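Residue numbers (the numbering used here): 4 to 91.
Written out as structure tokens, the structure is:
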């Protein structure tokens, strides 16, 4: 069991903890001396998704805006318009 920086190990009857210290010590070591980190140059580019438009058929939505419920986007747009009208 691993919780934060605490590791709990239950050994079966008759087993010893020999070698367990090394396993636990290296459990969260992400970098090892002499090991070449993976290269991300070989990663395949993602295919462009089809553009998503709002329900009104107007502007394309950004990836972030696609996650926001439509009623909140409409409320935000209305608030921006009110602010622009008030502040000129």
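The beta-carbon is built from N, C-alpha and C at its ideal position, and this holds for glycine as well. Keep in mind that this is a model prediction, so the values were computed, not measured.
CB of residue i within 7 Å of CB of residue j, strictly
{"i": "residue 27", "j": "residue 10", "result": "yes"}
Coarse secondary structure for residue i, derived from DSSP in three states
{"i": "residue 63", "result": "strand"}
{"i": "residue 26", "result": "helix"}
Rounded Cβ spacing between residue i and residue j (contact assumed at less than 8 Å)
{"i": "residue 82", "j": "residue 76", "result": "So it is not a contact: roughly 11 Å between Cβ atoms."}
{"i": "residue 20", "j": "residue 14", "result": "6 Å"}
Bounding residues of the alpha helix (DSSP H) (the contiguous stretch that carries residue i)
{"i": "residue 87", "result": "73-90"}
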